[in-house]
Amino acid sequence: MKFGAWFTILKRVAPIVLATTPAAPLAPFIAVAIQAAEQIPGADGPTKLAIAREIVTIGVNATNAQIGYAKIDPALVDEVVENGIHTVVAVVNAKHASNVAFDNHIGAIED
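The opening residue of the sequence shown carries number 732 in this note's numbering; numbering runs sequentially from there.
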């Protein structure tokens with residue numbers, strides 16, 4: 732998989748996919764967390780998910796500490812983030828696969 736193209740899609744798609752979910756305020760944290768987790772060589776899906784969740788939790792805790800109170804409820808973050816990550820990754824994978832299929836089709840036509 733070409734991560735450059737995948738990450739470009741991720742940056743564009745994550746905010747849109749998460750905009751209508753409870754994870755909308757966490758979209759920047761989720762996108763960065765997914766990108767960081769995806770770059771870990773040899774990590775499997777559950778490991779990447781755990782790392783991404785931890786990165787988002789750190790972002791939420793830092794935000795709450797910065798403003799001085801729990802604006803974002805840490806107790807609700809885990810479920811929202813896990814669902815948000817799964818949704819974003821599924822959409823990005825689908826979009827990336829369609830781009831690759833299209834590129835392969837165009838390449839076959841040009842040959």
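Beta carbons: idealized from backbone N, C-alpha and C, even for Gly. Predicted model, so just to flag it, every value in this text is computed and none were measured.
CA-to-CA distance, residue j to residue i, given in whole angstroms
i    : j    : result
I761 : I803 : 14 Å
V812 : A821 : 14 Å
V823 : D775 : 17 Å
E841 : T751 : Reliability of the predicted coordinates at E841 is poor, the pLDDT of 49 falling under 50, and the value obtained from them is presented with this limitation in mind. Roughly 40 Å between the two C-alpha positions.
P756 : N795 : 13 Å
L741 : I798 : 28 Å
I771 : A828 : 21 Å
D809 : Q766 : 18 Å
K779 : G815 : 14 Å
K826 : I747 : 13 Å
E785 : G735 : 23 Å
T739 : N830 : 12 Å
L749 : L807 : 16 Å
R743 : G773 : 26 Å
H817 : A781 : 12 Å
Distance CB(residue i)-CB(residue j) smaller than 8 Å
i    : j    : result
T788 : P805 : yes
A764 : A783 : yes
A745 : V791 : no
Any non-hydrogen atom of the ligand ADP closer than 7 Å to residue i Cβ
i    : result
I782 : By its list of ligands, the structure shown contains no ligand whatsoever, and the ligand ADP lies outside what it can speak to.
Entirely enclosed alpha helix (DSSP H) segments - the region 750-823, minimum 4 residues: DSSP runs (the alpha helix (DSSP H)) wholly in the region 750-823: 758-769 and 776-798.
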